[in-house]
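Heads up: the protein sequence lines correspond to chains F and B, in order.
For the first sequence, position 11 matches number 14 in the numbering used here, and the numbering has no gaps at all.
For the second sequence, position 33 matches number 43 in the numbering used here, and the numbering has no gaps at all.
Read through the structure below, which is laid out as structure tokens, and then see the notes.
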Amino acid sequence: MTEVFRSALHRSAEHVVQDDNASCNKLETPSLSDGSRLVVAPRKRIVPPFILAHDLPRGIFYMFQATITYALMLAVMSVLSSCSPLVQTLTLLFCVGHSKLDTSSLSLWVWVLERSFSEDGLPPLITSSEVLSFVYPQLFLLHKLGDSRPLPRGPGKPTQTEEKKLFELAHAVSHPGFDRYF
Amino acid sequence: MIPYLHTSGGDNLLFESWTPLSPDAIAGASVILFFLAILERLVNGVRGRLEGYWSLK
Chain F
4 MTEVFRSALH
14 RSAEHVVQDD
24 NASCNKLETP
34 SLSDGSRLVV
44 APRKRIVPPF
54 ILAHDLPRGI
64 FYMFQATITY
74 ALMLAVMSVL
84 SSCSPLVQTL
94 TLLFCVGHSK
104 LDTSSLSLWV
114 WVLERSFSED
124 GLPPLITSSE
134 VLSFVYPQLF
144 LLHKLGDSRP
154 LPRGPGKPTQ
164 TEEKKLFELA
174 HAVSHPGFDR
184 YF
Chain B
11 MIPYLHTSGG
21 DNLLFESWTP
31 LSPDAIAGAS
41 VILFFLAILE
51 RLVNGVRGRL
61 EGYWSLK
């Protein structure tokens with residue numbers, strides 16, 4: 004039994020090595036059994052290369068920005084906690100609409116959900132189904148304000164290309180300059 | 011912390027010691043938060059520019 008597993012592992016390892024060679028060397032075009040040629044595209048770089056002189060300042064800047072964003076989020080939350088639920092919901096909608104799928108808006112949504120299920124005697128902000136119904140209009144607004152890239156159709160699972168395009172759009176909005184790597 | 015809509019001060023802002031009470035203090039806190047937000051956008055812009063610069067290298 005272990006022999007079978009070992010040989011299977013060995014074969015898959017060989018396959019990976021061949022695949023790596025094929026993708027590294029663009030000129031290699033292996034022939035298929037029917038005579039047609041298989042063109043292997045080179046792998047796209049989605050993560051910038053590790054260069055210490057770039058990655059250290061990148062990390063420091065990110066740390067600095069994350070600290071400020073977190074402090075601003077705390078300030079907004081502490082002010083909002085003393086407002087009426089209507090004002091809270093309207094402010095959150097404004098913030099989420101403006102921060103465009105940023106991580107800080109996601110933590111605000113988490114806070115909304117926590118408030119909705121907490122038992123501290125305060126009225127819940129909105130129910131989880133209302134939160135879900137807010138997510139699609141946000142994507143729709145993003146789609147309308149930005150360039151017209153396709154949205155996932157209906158409540159079904161988006162296709163891989165649609166998902167990739169949405170990810171690229173959200174990434175390009177929240178991380179300007181990063182899209183050059185795509 | 012008063013759990014309903016109010017326009018008076020007395021809410022804590024980030025730190026226990028930072029509780030703007032008077033209208034002047036609330037205005038000052040708003041200005042500080044405004045410039046903090048501008049600084050955050052500035053850092054975001056610098057990060058994007060740096061990424062662009064590094065990607066061209």
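Don't be surprised by glycine CBs; every beta carbon is placed ideally from N, CA and C.
Please read these numbers as outputs of a predicted model, since none were measured by experiment.
- In the structure shown, the three-state DSSP call for residue 25 (chain B) is strand.
- Residue 37 (chain B) has a beta carbon lying at 9 Å or more from every beta carbon in chain F.
- For a Cβ distance threshold of 9 Å, residue set 77, 78, 81, 82 of chain F lies close to residue 23 (chain B), ordered along the chain.
- Not flagged as an interface residue toward chain F: residue 27 (chain B), since no C-beta distance is shorter than 9 Å.
- Interface flag for residue 46 (chain F) against chain B is unset, since no Cβ pair is found closer than 9 Å.
- Annotation for residue 32 (chain B): no alpha helix (DSSP H) segment contains it, and DSSP assigns it neither H nor E.
- For residue 49 (chain F), the closest Cβ of chain B is not nearer than 9 Å.
- In the three-state reduction of the DSSP assignment, residue 88 (chain F) falls in the helix class.
- Assignment of residue 59 (chain B) by DSSP, reduced to helix, strand and coil, places it in the helix class.
- For residue 20 (chain B), the three-state secondary structure derived from DSSP is coil.
- Here residue 57 (chain B) is buried: its Cβ has 16 or more other Cβ atoms, across all protein chains shown, within 10 Å.
- For residue 61 (chain F), the enclosing alpha helix (DSSP H) has its first and last residue at 55 to 83.
- Separation of the CB atoms of residue 50 (chain B) and residue 72 (chain F) is rounded to 6 Å, and the pair is thereby assigned contact status at 8 Å.
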